[in-house]
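Engineer: Dropping a structure here in structure tokens format, bear with me for questions.
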Amino acid sequence: MDWQKKYRDKIMSPAEAVRLIRSGDTVNSNFGGSIPYALLDALADYALENLEDVTLYLAGFFKEARIAEKRCNGHVHVKSCFFGPGERRAVSGGSDLSYQAIHLSNITQDRMEKHRARVLLAAGSLPDENGMISLGLAPFDPALLDVCETVILQVNRRMPFVCGPGCLIPAERVSCLVPLDEELPEMHLPAPTPEQRAIAAYVAERVPDGACVQFGIGGVSAAIGEALTVRRELGCHSEMFTDPLMKLMQAGVITNSRKSYCPGRTVFTNALGSRALYDYLDHNTLLEAQPCSLLNDPRNIARNDNMISVNGAICCDLAGQVCAETIGFRHFSGTGGQLDYVRGARWSCGGKSFLTLPAVHVDRMGNRSSSISLTLPAGSIVTTPRTDVHFIVTEFGAADLLDEPADVRAKRLIEIAHPDFRDRLRFEAKQAGYIV
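Here the sequence shown stands for residues 11 to 446, where the numbers follow the working numbering.
The structure is reproduced here in structure tokens:
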């Protein structure tokens with residue numbers, strides 16, 4: 011077939027491919043599991059001797075990445091719009107890696123305009139019989155192929171073949187193909203704690219049959235997956251696709267039979283989990299990957315009735331402002347799609363959004379503090395404004411704050427704080443004039 015010759019003609023070694031990148035270039039890459047880690051390692055080695063002031067935009071390192079090490083400072087400046095464990099390690103090790111503040115729904119516009127790149131780097135699957143390569147765990151908008159002069163694709167046999175708009179690329183649209191196999195990043199969730207199961211129970215009891223769900227990764231999400239097994243005919247429209255969502259599909263709980271947006275299919279924009287999850291995704295027509303510009307658009311989210319959005323938080327204040335990305339001045343995660351889904355759920359007929367957090371924060375020295383406080387700690391970034399917040403949930407209950415006045419908000423939040431801190435919070439709320 012003609013595409014096979016074109017495919018062979020584009021094959022390069024990692025060393026040859028990274029030589030296509032020049033000093034001063036802006037380079038765009040992908041998210042999480044679809045970051046071409048092995049190719050970026052080759053770029054790091056090349057950049058140390060040959061490149062200066064390359065700027066690399068991506069999100070979520072869930073594997074070690076030499077490109078983010080301190081020794082690459084000045085050669086490659088990494089900008090990440092979501093901190094994974096790799097970003098946190100890099101910053102603590104002296105890397106000049108920095109956080110890009112952006113809603114994921116705006117990624118395509120940003121990459122097309124303000125931070126337009128000359129080079130696009132991604133990881134993909136082996137081509138199918140028609141010469142189509144799947145970006146697997148995280149697609150990007152196909153419009154980016156038109157604005158990037160050079161497209162370099164790492165072809166990894168371990169990448170699942172997933173369909174969807176922006177997930178399939180014809181080999182002929184790629185500048186060069188680098189056959190380079192590596193293990194995909196995996197995340198295995200520990201068993202939920204009693205506190206996480208309590209939080210999940212408060213959420214699950216408010217999820218009706220036929221609802222469309224979104225939740226991320228972590229212990230609370232695992233517990234919610236367990237709690238929702240008694241529900242029927244759920245749909246899934248979720249930024250992340252994880253093992254708990256896979257298990258709900260396998261159990262016949264998620265059927266997508268009542269969805270308005272992409273009925274009959276689970277849609278996601280980023281997958282992260284076990285090898286079993288990646289095998290489940292491979293050539294599975296019940297799932298579809300879509301770029302953030304489509305999937306995280308609150309207008310598309312809201313097309314599903316009874317949209318249920320569940321996201322984690324780090325702390326909140328008695329006004330209902332929520333921080334989900336910093337611990338003081340230390341950046342921990344990112345804005346991501348939290349506000350996209352909070353707003354999409356609010357606009358949905360019958361929709362609800364839940365922001366979950368443990369009632370107590372324990373620091374590295376073992377000191378306990380309330381996750382609900384009069385004001386956010388210094389340095390805390392407001393991820394979700396108080397006017398958008400619906401439910402705040404701890405292991406002590408669910409506080410409905412939607413459109414409530416200040417005194418009601420403060421009282422309801424104090425009721426779900428840890429009992430050890432409630433008297434102090436009431437005193438501070440009275441001193442501040444929140445309650446009488």
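Ideal placement from N, C-alpha and C gives every residue a C-beta, glycine not left out. Since this is a predicted model, take the numbers as computed values, not measurements.
Using the three-state DSSP reduction, which class does Asp12 fall into: helix, strand or coil?
Structural biologist: In the structure shown, Asp12 sits in a helix (DSSP, three-state: H, G or I).
Engineer: Can you tell me where the beta strand (DSSP E) with Phe225 in it begins and where it stops?
Structural biologist: Taken as a continuous stretch (DSSP letters only), the beta strand (DSSP E) holding Phe225 covers Cys222 to Phe225.
Engineer: Using the Cα positions of Asp106 and Lys73, report the straight-line distance between them to the nearest angstrom.
Structural biologist: Cα to Cα, Asp106 sits roughly 18 Å from Lys73.
Engineer: With a cut-off of 8 Å on the beta carbons, I'd call Asp253 and Ser303 a contact; round off their distance for me.
Structural biologist: At roughly 26 Å, the Cβ-Cβ gap does not stay under 8 Å, so Asp253 and Ser303 are not in contact.
Engineer: Does the distance from the CB of Ile382 to the CB of Ala409 come in under 7 Å?
Structural biologist: It is not a contact, given that the beta carbons lie outside the stated cut-off.
Engineer: Ignore the nearest five residues each way along the sequence and tell me which others in Glu236's own chain have a CB closer than 8 Å to its CB.
Structural biologist: The answer, listed in chain order, is Pro202, Arg207, Ala210 and Pro254.
Engineer: Of all the options Met22, Leu30, Ile324 and Gly346, which has the alpha carbon lying nearest to the alpha carbon of Val372?
Structural biologist: Ranking the options by Cα distance to Val372, first place goes to Ile324.
Engineer: Using beta-carbon positions only, say whether Leu282 and Pro24 come within less than 7 Å of one another.
Structural biologist: No, the pair does not count as a contact, with Cβ atoms beyond the cut-off.
Engineer: Roughly how many angstroms separate the alpha carbons of Gln164 and Gly103, rounded to a whole number?
Structural biologist: Computed Cα separation, rounded: 27 Å.
Engineer: Any contact of the region 170–183 with the region 260–268, i.e. 3+ C-beta pairs under 8 Å?
Structural biologist: With the cut-off at 8 Å, the region 170–183 and the region 260–268 do not touch.
Engineer: Using DSSP bridges, identify the partner residues of Val88.
Structural biologist: The partner list for Val88 (beta bridge, DSSP) reads Leu66.
Engineer: Going by DSSP, name the residue or residues bridged to Asp398.
Structural biologist: In DSSP, Asp398 forms no bridge with anything.
Engineer: Going straight from the alpha carbon of Pro429 to that of Leu384, what length do you get?
Structural biologist: So the alpha carbons of these two residues sit roughly 15 Å apart.
Engineer: Following the continuous alpha helix (DSSP H) through Gln119, name the residue where it begins and the one where it ends.
Structural biologist: Note, Gln119: alpha helix (DSSP H), Ile117 to Met122.
Engineer: How about Val86 and Val64: are their beta carbons less than 7 Å apart?
Structural biologist: Closer than 7 Å, so yes.
Engineer: My assumption, with CB atoms under 8 Å, is that Leu349 sits in contact with Thr393. Please give the rounded CB distance.
Structural biologist: About 7 Å separates the two Cβ atoms, so the contact holds.
Engineer: Touching or not, the region 354–373 and the region 308–326, by the rule of three or more beta carbon pairs under 8 Å?
Structural biologist: Verdict: yes, contact present.
Engineer: Which full runs of the alpha helix (DSSP H) of 4+ residues lie inside the region 136–211, going along the chain?
Structural biologist: Entirely contained in the region 136–211, the alpha helix (DSSP H) runs reaching 4 residues are, in chain order, 154–157.
Engineer: Starting from the N-terminal side, write out each stretch of the beta strand (DSSP E) that is 3 residues or longer and does not extend beyond the region 343–420.
Structural biologist: With a minimum length of 3 residues, the continuous beta strand (DSSP E) runs that stay inside the region 343–420 are 362–366, 370–372, 378–380, 401–404 and 407–410.
Engineer: How many angstroms separate the CA atom of Pro218 from the CA atom of Thr404?
Structural biologist: So the alpha carbons of these two residues sit roughly 20 Å apart.
Engineer: Just to confirm my understanding: we take Cys158, look at its own chain, exclude 5 residues before and 5 after, and list those with CB closer than 6 Å. What are they?
Structural biologist: Contacts found: Ala127 and Leu130.
Engineer: Just grab the DSSP bridge partners of Ile21 for me.
Structural biologist: The partner list for Ile21 (beta bridge, DSSP) reads Leu187.
Engineer: Would you identify the three-state DSSP class for Asp307, choosing helix, strand or coil?
Structural biologist: In this structure, Asp307 counts as coil in the three-state DSSP scheme.
Engineer: Name the one or two DSSP bridge partners that Arg3 has.
Structural biologist: In this structure the chain extends from 11 to 446, so residue 3 is not present and cannot be described.
Engineer: Examine the ligand GTP and report whether any of its heavy atoms sits within less than 6 Å of the Cβ of Cys359.
Structural biologist: Absence of the ligand GTP from the depicted structure is noted, as is the absence of any ligand whatsoever, leaving it without description.
Engineer: Using only alpha-carbon positions, find the residue among Gly42, Thr366 and Leu187 that is nearest to Gln331.
Structural biologist: Here the closest residue by C-alpha is Thr366.
Engineer: What did DSSP end up calling Ile318 once you bin it into helix, strand or coil?
Structural biologist: The answer is strand: DSSP assigns Ile318 an E or B state.
Engineer: Out of Leu287, Met142, Cys326 and Ala334, which one is the CA nearest neighbour of Trp13?
Structural biologist: Of Leu287, Met142, Cys326 and Ala334, the residue nearest in Cα terms is Met142.
Engineer: For Arg81, which residues from the same chain have a beta carbon less than 6 Å from its beta carbon, with the 5 sequence-adjacent residues on both sides left out?
Structural biologist: No residues qualify anywhere along the chain.
Engineer: Do Asn316 and Ala214 have their C-beta atoms within less than 7 Å of each other?
Structural biologist: It is not a contact, given that the beta carbons lie outside the stated cut-off.
Engineer: Note down, in chain order, each residue of its chain lying with its Cβ closer than 8 Å to the Cβ of Leu155, except the 5 sequence neighbours on either side.
Structural biologist: Same-chain partners within the cutoff: Leu130, Val161, Ile179 and Arg183.
Engineer: Please go through the same chain and pick out, in chain order, the residues whose beta-carbon is closer than 6 Å to the beta-carbon of Ile318, but skip the five residues on each side of it.
Structural biologist: Taken in chain order, the residues that qualify are Val217, Ala221, Val223 and Lys362.
Engineer: Buried or exposed: which applies to Arg353, given that a residue is buried once 16 or more other Cβ atoms fall within 10 Å of its Cβ?
Structural biologist: Classification of Arg353: buried, given that the 10 Å Cβ count is 16 or more.
Engineer: Distance, Cα to Cα, Ile391 vs Arg436?
Structural biologist: Approximately 24 Å between the Cα atoms of the pair.
Engineer: Check whether the Cβ atoms of Leu53 and Val28 sit closer than 7 Å, and answer yes or no.
Structural biologist: Yes.
Engineer: Keeping to the same chain, check which residues put their C-beta closer than 6 Å to that of Leu147; ignore five residues upstream and five downstream.
Structural biologist: Correct list, in chain order: Gly43, Ser44 and Ala281.
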